[in-house]
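Chains as they are written, first to last, in UniProt numbering: chain F, 1 to 357; chain B, 1 to 357; chain X, 1 to 357.
Yeah, the Cβ is synthetic: ideal placement off N, Cα and C, and Gly gets one too.
Following: one structure in structure tokens, then a few remarks.
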């Protein structure tokens with residue numbers, strides 16, 4: 001009671017700063033040195049190797065009766081050169097800062113949360129979380145990276161890269177004994193009045209003590225307007241179990257589309273582990289990618305190991321080594337710049353610092 | 001006295017946050033679902049239907065003797081897809097966040113306020129305020145929207161769309177018994193040393209109890225350098241009276257330019273009303289547009305009705321219905337995507353949420 | 001003790017605002033009216049004439065044991081029209097806000113500070129500080145402005161314009177009896193595996209009472225990949241002495257490159273002074289530029305005088321007059337828009353306000 005009064009006095013006395021109490025400014029500054037050894041050697045300073053560098057504004061207002069209004073505005077940037085655009089499909093140098101990581105407004109309460117705008121898909125949230133390298137840096141699982149099945153329509157990358165969806169309505173349920181479900185509907189916003197380019201997806205999560213499971217389902221309706229294609233479908237499954245001395249994780253993802261030129265299919269899986277070692281955490285993963293496109297079939301294996309050492313709760317230093325080997329003459333993925341060796345392989349290292357604020 | 005001491009103790013104790021007391025971070029997150037029924041049906045999530053989605057930074061410093069230094073930096077964005085560029089003529093997808101809504105620095109005191117930079121014109125501020133839909137969403141008055149009289153020079157859109165002016169000096173008077181005047185001079189910044197493309201405008205406001213009146217005058221000097229045109233002139237007039245049970249509002253606007261191909265004139269007016277109904281506010285408006293261009297003559301009628309329900313002082317939900325009918329074979333305006341029916345009409349609905357922070 | 005408890009109570013009570021204690025929002029809003037008299041007259045509102053208009057986010061975290069984590073994100077903008085992109089080579093209208101002024105993360109302690117990202121070069125920091133007009137506005141020294149020796153590669157502008165470097169590792173030493181040294185290594189990030197386009201630079205500073213000295217050394221390795229050029233080298237030297245009634249300053253800078261078409265060399269120097277007059281500061285400078293390029297040789301003299309009057313610690317008004325005269329038929333520099341008179345001269349005035357927040 002007395003505390004509140006004092007707080008109110010201060011609130012009254014320090015105007016502007018407190019006027020900001022309705023919005024929280026937060027972010028991540030992550031940069032490191034990357035060395036890649038493939039067809040050519042490449043070295044440089046790269047941004048967001050452990051956590052994507054970002055700047056965000058978010059807030060929550062208590063509307064009473066358990067109802068809350070919420071907004072999040074978050075954009076990525078390249079810490080290495082200050083470029084404002086980063087962290088989303090189609091980002092180009094010089095585009096300037098944008099809220100492409102997340103841009104939502106909505107209401108939450110006992111019923112869960114409804115949101116409108118752009119955000120990570122529920123399917124991605126359900127299963128990408130088992131990638132121990134968090135979808136960034138040379139060690140990341142490329143199951144959610146842009147791959148073989150690329151489509152020209154606006155939302156097509158949503159299923160193939162499957163990370164974020166624009167123009168979307170999202171519902172996230174409350175927790176039911178460890179179960180949680182999220183669904184997205186992304187409007188196609190085409191002027192022909194049908195459902196072309198619209199996106200539907202769902203993610204189911206189960207978290208109970210040491211066990212965690214996730215299932216993701218996605219469909220992009222008749223993605224291209226100018227090319228005769230069917231719907232694009234993707235599903236993913238993942239899970240982890242924390243044994244204490246170590247945590248084991250695994251994931252699988254598959255996306256498929258029928259084109260005039262034949263069926264295109266991408267699939268892949270990974271097994272991974274993390275373990276506390278000293279004051280830090282070792283993380284290791286193996287990824288397998290298999291693309292069965294009409295014109296290109298190929299496979300690739302990827303291995304990565306890293307160590308993250310926390311200097312504080314907010315600041316860490318990290319080191320990662322990764323190796324990739326493409327097979328069957330199809331070069332599906334690289335770790336970054338410099339190109340693959342003639343045998344389809346490339347290896348690399350990243351050492352850097354992550355600071356959250 | 002004791003309160004101040006406590007406040008000071010806290011100010012001293014919480015360093016960084018208080019260092020921010022010189023700047024206030026604020027904004028609006030507004031998104032909704034729009035359905036349009038015209039030549040085609042169109043549906044999607046749209047941003048800023050009730051208030052333009054925006055993010056701003058502003059501050060005021062007391063310089064003593066009644067003098068203050070002020071700055072405002074404010075940009076719009078598309079909440080539906082995270083695009084940083086929004087809310088100004090010429091905004092393009094992918095351009096990144098910019099301070100195109102307002103970017104000013106200046107001094108204020110007993111004499112009023114002087115500012116430099118970019119902002120809404122005084123003429124717009126004086127009379128656009130009677131549009132009950134606030135110049136946004138499907139129900140907005142299109143008297144300040146980009147229309148028939150478009151000109152190639154940098155400031156030309158200032159008079160035709162008449163919302164904001166760049167490279168400007170602005171003076172706003174103090175309140176004299178309800179009267180207030182604002183003037184803008186926008187430099188043409190052409191290298192030929194004359195006044196081409198420069199803008200002059202003024203807004204006169206009278207606010208006294210239930211009565212409010214506004215007059216706006218604008219001139220763009222010899223707008224185009226490559227095309228032989230005369231000055232572009234516009235004037236607008238508006239007013240409102242609050243009867244308590246309802247508020248009645250009306251506005252008129254006209255802009256004119258002589259081209260080699262003949263005189264071009266746009267004019268229009270609206271009558272509108274708001275009334276408290278239940279815990280919210282009903283707003284209704286009728287707009288009439290008449291374009292008399294050298295090559296296109298036409299008229300259009302627009303009707304809109306909406307309801308805004310406040311969940312709190314900062315958060316509202318809203319619903320709007322609008323109908324537009326173009327006449328005489330000239331299709332002056334649409335409500336949005338999807339095109340007009342063959343009879344020149346289109347209708348639409350918007351339902352959404354506005355959260356200010 | 002009691003104060004801390006109260007502060008903690010408030011910290012607990014006012015959540016969001018305090019969550020921001022890890023980041024400080026800061027900036028500069030500077031705009032003025034510029035009049036230029038050259039081939040044509042030109043007038044307009046211009047941004048950043050005394051200090052570049054900017055917005056930044058920075059923070060420091062105490063990691064214990066004297067170690068700190070630090071980040072800075074800072075971008076420039078044009079206050080006159082709200083453009084988000086400003087203050088770096090290659091900025092284009094409409095690009096949106098970017099962290100091109102500074103974008104760094106790193107650690108500091110007794111050993112000094114290490115940083116990664118983009119920032120002003122140590123060489124620039126060591127000697128550009130003697131320009132009394134702070135590298136901005138019509139009166140600035142153009143020794144660090146883009147000049148005759150321009151090169152196509154990514155980092156080439158680093159040496160010729162020599163202000164900022166991307167993709168860089170930076171070390172700044174602690175203070176040793178007034179001496180301080182900074183070094184930058186900017187990766188070329190070319191895929192050919194060699195050191196093309198990489199940058200190395202160092203700045204040595206000595207500050208002791210009224211005396212200040214600075215030395216800057218820079219090299220860009222084999223800047224262009226497609227044109228046969230040698231390394232680009234630059235060095236600069238400067239100093240100041242504060243006599244109390246006035247401060248005298250001087251600087252010299254030279255950059256050189258061998259091209260197939262011959263050696264290209266730019267050099268120049270300035271002498272300047274500041275003196276407290278009334279409640280403000282008078283500043284005056286003379287610059288001499290000499291370009292000895294293979295195809296263009298020329299000289300220019302520049303004179304500038306200005307007055308800055310502080311309304312408070314954070315807000316100032318300023319006025320500047322500048323005159324430039326190009327010689328030998330080579331037009332090396334202009335003060336801004338409007339072009340040079342046929343005798344190679346141009347003069348101008350700037351009057352404006354600077355507000356820091």
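- For residue 60(X), the enclosing beta strand (DSSP E) begins and ends at 54-64.
- A straight line joining the alpha-carbon of residue 287(B) with that of residue 333(B) spans about 12 Å.
- Assignment of residue 145(X) by DSSP, reduced to helix, strand and coil, places it in the coil class.
- Residue pairing of residue 231(F) in beta bridges, as defined by DSSP: absent, with no partner found.
- Residue 47(F) carries a strand assignment under DSSP once its states are collapsed to helix, strand and coil.
- Going by C-alpha positions, residue 317(F) is about 19 Å away from residue 36(F).
- For residue 101(X), the secondary structure class from DSSP, reduced to helix, strand or coil, is coil.
- Residue-level contact by beta carbon fails for residue 27(F) and chain B, as no gap is shorter than 7 Å.
- In this structure, DSSP gives residue 130(F) a helical state, which the three-state scheme calls helix.
- Nearest to residue 214(B) by C-alpha distance, out of 221(B), 208(B) and 203(B), is 203(B).
- Around the C-beta of residue 342(B), fewer than 16 other C-beta atoms lie within 10 Å, and the residue is accordingly described as exposed.
- Sixteen is the threshold: since fewer than 16 other Cβ atoms of the shown chains lie within 10 Å of the Cβ of residue 263(B), the residue is exposed.
- Between residue 30(B) and residue 79(B) the beta-carbon gap is near 7 Å, inside 8 Å, which marks them as a contact.
- Segment contact: the segment 126-141 of chain X against the segment 49-59 of chain X, three or more CB-CB distances shorter than 8 Å; contact assigned.
- The beta carbon of residue 315(B) lies closer than 6 Å to those of 355 in the same chain, with the five residues before and after it left out.
- From the listed residues 24(B), 22(B), 42(B) and 26(B), the smallest Cα separation to residue 339(B) is found for 42(B).
- No Cβ of chain B is located within less than 7 Å of the beta carbon of residue 200(F).
- In chain order, 82, 83, 84, 96 and 97 make up the part of chain X whose C-beta sits under 7 Å from the C-beta of residue 98(B).
- The secondary-structure analysis by DSSP pairs residue 32(F) across a beta bridge with 46(F) and 352(F).
- Along the segment 301-327 of chain F, the beta strand (DSSP E) occurs as fully enclosed runs of 3 or more residues at 315-327, listed in sequence order.
- As computed with DSSP, residue 120(X) is found in a beta bridge with 164(X).
- By the Cβ test, the segment 272-282 of chain F is not in contact with the segment 107-121 of chain F, since fewer than three Cβ pairs between them sit closer than 8 Å.
- Distance from the CA of residue 55(F) to the CA of residue 350(F), rounded to the nearest whole angstrom, comes to 22 Å.
- Of the other Cβ atoms in all chains shown, 16 or more fall within 10 Å of the Cβ of residue 352(B); this residue is therefore buried.
- Within the DSSP secondary-structure output, residue 346(B) pairs in a beta bridge with 324(B).
- Cα atoms of residue 190(X) and residue 76(X): separation of roughly 28 Å, rounded to the nearest angstrom.
- Within the segment 36-53 of chain B, the residues whose Cβ lies closer than 7 Å to any Cβ of chain F are, in chain order, 40, 41, 42, 43, 44 and 45.
- The beta carbon of residue 167(F) is closer than 7 Å to those of 186, 187 and 189 in its chain, skipping five residues each way along the sequence.
- In the DSSP assignment, residue 71(B) falls within the unbroken beta strand (DSSP E) covering 67-76.
- The contact set of residue 101(B) on chain F, defined by CB atoms closer than 7 Å, is empty, because the minimum CB distance reaches about 15 Å.
- Non-local C-beta neighbours of residue 59(X) in its own chain, meaning closer than 8 Å and more than five positions away in sequence, comprise 22, 23, 24, 70 and 71, ordered along the chain.
- The Cβ atoms of residue 74(B) and residue 115(B) do not sit closer than 7 Å to each other.
- Distances from the CA of residue 218(F) to each of 205(F), 201(F), 230(F) and 212(F) were compared; the closest alpha carbon is that of 201(F).
- Residue 305(F) and residue 127(F) have their C-alpha atoms roughly 20 Å apart.
- Here residue 251(X) has 127, 130, 238 and 270 as same chain residues with Cβ atoms under 6 Å from its own Cβ, once five neighbours each way along the sequence are excluded.
- At a Cβ-Cβ threshold of 7 Å, residue 178(X) and residue 206(X) count as neighbours.
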